[in-house]
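Residue numbers (our numbering), protein chains in the order written: chain D, 1 to 185; chain C, 1001 to 1185. C-beta: ideal position from N, C-alpha, C; glycine also. Given the structure is predicted, the values throughout are model-derived calculations rather than measurements. Read through the structure below, which is laid out as C-alpha cells, and then see the notes.
Number of protein chains: 2
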Amino acid sequence: MSRPPLARERVLDAFQAILIDDGERTATLAATAEAAGVSKGGLLYHFASRDDLVTGMLERLEALAQEDLTLMASAEEGEVAYFIRTSVMEGDDLDRALIAAARLAQAGFPTAAEMLRQVREAWAAALRPHVRDETALNLLMLVSDGLYYNNALGRVDAETGGLAGPVPTGDDMTALIELVRRATV
Amino acid sequence: MSRPPLARERVLDAFQAILIDDGERTATLAATAEAAGVSKGGLLYHFASRDDLVTGMLERLEALAQEDLTLMASAEEGEVAYFIRTSVMEGDDLDRALIAAARLAQAGFPTAAEMLRQVREAWAAALRPHVRDETALNLLMLVSDGLYYNNALGRVDAETGGLAGPVPTGDDMTALIELVRRATV
DNA sequence: GTCTATATAGCGATAGAC
DNA sequence: GTCTATCGCTATATAGAC
C-alpha cells in the first residue's frame, strides 16, 4: 500500500487518456510511452507487456470504485440520490477509468468486461435496499448505464475537459434525476 | 438501388460478425476474407480499403434504422411501446449492426460514433410527440441506451445466439417496460 | 471478379548498455 | 530505472496473373 513509483502512474494516466481520446487501436506502447514522457523500454520496465498495462489500469478502476462505494454509503443525501447525481459524467478519475475500461471491453479484452460487470454488480447490491423493488433497481441502473454509454461515445470537450454527448445537462438533468427518484424510491 | 453482389454482402456480414464476437482488433482483412469465403484480394476488389469496409457497414446500419423508423411509425401498439419493446436485444439485423457500430465507435472511428448519434437523434425525434415532455424523452432514451450498452458488453450466448448480459429478461422486463411507460407517456 | 505474391509499415517484445 | 537498437510478426495495401 506504499505509494507506487511516479513514472508508473504517469504511464497509466497516459494509457487511459489515449484510450479515451483516440480509442484502443491508437493506445500503442509507443504512443503511451511518448505521452508519459518515457521511452518504450522504460515503459516496459514497469509493465512487462501490454496485457500487464491493461491489468494495472483495471486494478486502479477497482480501487476507485471501492472508494466510491464508501462515499455512497455515507452520503448525507442518501445512496440513491448520490448514485444518480454522480452518474453524470464530470471527468473525474472514476469516470475516466470507467470509460477507458469500456473501450477495452469493446475491443475484446474479457478481463475489462468482467471488471465492469463486477463494479456494476457492487453498485446494484449497495442500492438494492434503498429502492422499492427489483424493477426500480433495473430502471435506476439502466439510466446510469445509458448516461455512461452516451458519454463514452461522445468526444472530450476541449473547453471544459468534460465529455460532451447527447446527454441532458443543467436543469434538464435536475428534472431527470427527480423523475427517476420518484419512479424508484 | 438494384441488389448488390452477393460476395459483397457476405463480406459485410463476416466483418460484422467478427466485430461482435471478438472485437475490432480481430476483425482484420484476412480474418474477414476467410470468414466470408473469399481471398484477401477478392475482398479488396469490393472494398478498396478497411475504411471502405467500415463505411459499407455504416451505410447498411443507416438503411436498417430507416426501415425501423417506418415500422415504428405504423406500429399498432404505439410508437413508445414499440420502441421500448424492441430495445431489448434479440439479435436481429438492426441489433447486430448497432453493436458492431458501437465497437467501431469505441475503437476510435469517428464516422461510426457520428452515425450512432444520428440514428439516436432520429429515434428521439420520432418519439418526442408521443411522450409527455422532454424529461420523459430523456428517460426513455437513456433506458434504451442502457439496454444496448449492457448487451454490447455481454458475450454472444452460444445456446440462443442472442446476447447475454446483466439485463432483465422475461417477467422482469415486462415490469420494467410498464414502469417506463407509466413514467413517460 | 477473384486469385497469389509481395511491398511497406507499425506493433509488441527482447537484449544489453548506461 | 531508463535508455537505444533491433528482431519477428502481422496488418494493410498494391501489382499483376488468370
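If I'm right that residue i touches residue j with Cβ under 8 Å, what's the distance once you round it to whole angstroms?
{"i": "D:GLY42", "j": "D:ALA33", "result": "7 Å"}
{"i": "D:LEU12", "j": "D:MET57", "result": "6 Å"}
{"i": "C:ALA1107", "j": "D:ARG25", "result": "6 Å"}
{"i": "D:ASP172", "j": "C:GLU1076", "result": "About 32 Å; that fails the 8 Å criterion."}
{"i": "D:VAL131", "j": "D:THR184", "result": "5 Å"}
{"i": "C:TYR1082", "j": "C:MET1089", "result": "Going by Cβ atoms, the distance from C:TYR1082 to C:MET1089 rounds to 15 Å, so no, they are not a contact pair."}
{"i": "C:ARG1050", "j": "C:LEU1064", "result": "Contact flag wrong, Cβ pair sits at about 22 Å."}
Where does residue i land, buried or exposed, given buried means 16+ other C-beta within 10 angstroms?
{"i": "C:TYR1148", "result": "buried"}
{"i": "C:SER1144", "result": "buried"}
{"i": "C:GLU1121", "result": "exposed"}
{"i": "D:SER39", "result": "exposed"}
{"i": "D:LEU98", "result": "buried"}
{"i": "D:THR169", "result": "exposed"}
{"i": "C:GLY1078", "result": "exposed"}
{"i": "C:GLY1146", "result": "buried"}
{"i": "D:ALA36", "result": "buried"}
{"i": "C:GLU1178", "result": "exposed"}
{"i": "C:SER1087", "result": "buried"}
{"i": "C:ALA1027", "result": "buried"}
{"i": "C:ALA1136", "result": "buried"}
Of all the CB atoms in chain C, is at least one closer than 8 Å to the CB of residue i?
{"i": "D:ARG85", "result": "no"}
{"i": "D:ARG25", "result": "yes"}
{"i": "D:ASN151", "result": "no"}
{"i": "D:PRO168", "result": "yes"}
{"i": "D:ASP95", "result": "no"}
{"i": "D:LEU163", "result": "Any reading at D:LEU163 must be qualified, since the residue scores a pLDDT of 48, below 50, and its modelled position is unreliable; the value itself is stated next. Chain C contact via Cβ: absent."}
{"i": "D:GLU134", "result": "yes"}
{"i": "D:ALA175", "result": "yes"}
{"i": "D:ARG103", "result": "yes"}
{"i": "D:VAL131", "result": "no"}
{"i": "D:ASP172", "result": "yes"}
{"i": "D:ALA48", "result": "no"}
{"i": "D:ALA7", "result": "no"}
Determine, for residue i, whether the minimum Cβ-Cβ distance to residues of chain D falls below 8 Å.
{"i": "C:GLN1118", "result": "no"}
{"i": "C:VAL1185", "result": "no"}
{"i": "C:GLY1108", "result": "yes"}
{"i": "C:ILE1020", "result": "no"}
{"i": "C:VAL1180", "result": "yes"}
{"i": "C:ASP1051", "result": "no"}
{"i": "C:VAL1143", "result": "yes"}
{"i": "C:GLY1056", "result": "no"}
{"i": "C:GLY1146", "result": "yes"}
{"i": "C:ALA1081", "result": "no"}
{"i": "C:ALA1158", "result": "Its pLDDT being 45, under 50, C:ALA1158 is placed unreliably by the model, and nothing is read from it."}
{"i": "C:ALA1017", "result": "no"}
{"i": "C:LEU1029", "result": "no"}
{"i": "C:ALA1014", "result": "no"}
{"i": "C:LEU1098", "result": "no"}
{"i": "C:LEU1139", "result": "yes"}
What residue from the options has the CA that sits closest to residue i's CA?
{"i": "D:THR111", "options": "D:ASP171, D:ASP52 and D:ASP13", "result": "D:ASP52"}
{"i": "D:ASP92", "options": "D:GLU77, D:PHE109, D:ASP68 and D:MET72", "result": "D:ASP68"}
{"i": "D:ARG181", "options": "C:ASP1013, C:LEU1139 and C:LEU1006", "result": "C:LEU1139"}
{"i": "D:ILE18", "options": "D:ASP133, D:GLU79 and D:LEU104", "result": "D:LEU104"}
{"i": "D:ALA113", "options": "D:THR55, D:VAL88 and D:ARG50", "result": "D:THR55"}
{"i": "C:PHE1061", "options": "C:ARG1096, C:LEU1153 and C:ALA1073", "result": "Contrary to the premise, residue 1061 of chain C reads as Leu rather than Phe in this sequence. Here the closest residue by C-alpha is C:ARG1096."}
{"i": "C:PHE1015", "options": "C:LEU1153, C:ALA1100 and C:MET1141", "result": "C:ALA1100"}
{"i": "D:ALA102", "options": "D:SER74, D:THR28, D:ARG128 and D:ILE20", "result": "D:ILE20"}
{"i": "C:MET1141", "options": "D:ARG85, D:LEU94, D:VAL80 and D:VAL167", "result": "D:VAL167"}
{"i": "D:VAL80", "options": "D:LEU29, D:ALA125 and D:GLU9", "result": "D:ALA125"}
{"i": "C:LEU1176", "options": "C:LEU1153, C:ARG1085, C:LEU1127 and C:GLU1090", "result": "C:ARG1085"}
{"i": "C:PHE1047", "options": "C:ALA1152, C:LEU1153, C:ARG1010 and C:THR1070", "result": "C:ARG1010"}
{"i": "C:TYR1045", "options": "C:THR1070, C:ARG1008 and C:GLU1059", "result": "C:ARG1008"}
{"i": "D:LEU94", "options": "D:SER74, D:ASN150, D:GLU59 and D:ALA31", "result": "D:GLU59"}
Cβ of residue i within 7 Å of any heavy atom in the ligand NAD?
{"i": "D:ARG132", "result": "With respect to small molecules bound, the structure shown includes none, and the ligand NAD cannot be examined in it."}
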